[in-house]
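Working notes, beginning with the structure itself.
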Amino acid sequence: MDRVVHFEVPFDDADRAHTFYREAFGWQLQSMPDMGYTMVTTTPADESGGPGEPGGINGGMLAKQGPITGPVITIGVEDLDDALARIEKLGGSVAIGRQPVGDMGFAAYVHDTEGNLIGLWQNA
């Protein structure tokens, strides 16, 4: 069973969004300007950088772009290519195909059969 491993919140104004989420929820934010991304820590991390508490999920923030205009849950998969093929076979569609994310892994975005945008993640 694949599980939710990450979330993303898009923004129009980075400073405004960062201030809101930091002050409203106490989230820790780490800007990664080279990637155009902000890492969001909502729960303590373990030595690998993953959530250190059961059920905890950390995420990210990025500028609204292309199909990413609302919050996105990201599901971890063992094989991204197999997952993309399975999603298309079941009536979903690929919004943004497989792309490397530094040396951490690979991401893609799909639309489910209801039009929701879902992120997919495969560790490197």
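Under UniProt numbering, the first residue of the sequence shown carries the number 1, and numbering increases by one thereafter. Glycine included, every Cβ here is placed at the ideal spot set by N, Cα and C.
For a test of the three-state rule: what should DSSP assign to I68, helix, strand or coil?
Three-state result, I68: strand.
With which residues is W121 paired in a DSSP beta bridge?
Its beta-bridge partners are G76 and A107.
Count the other CB atoms within 10 Å of the CB of E8; is the residue buried (16 or more) or exposed (fewer)?
With 16 or more other Cβ atoms within 10 Å, it is buried.
Could you tell me whether the region 100 to 115 touches the region 72 to 90, where touching means 3 or more Cβ pairs closer than 8 Å?
As far as the Cβ criterion goes, the region 100 to 115 touches the region 72 to 90, which means the pair count is three or higher.
Between the alpha carbons of D112 and I75, how many angstroms are there, rounded?
Using only the alpha carbons, I get a separation of about 12 Å.
Since P100 and A63 are thought to touch, with beta carbons under 8 Å apart, how far apart are those beta carbons, to the nearest angstrom?
P100 to A63, Cβ: 19 Å. No contact.
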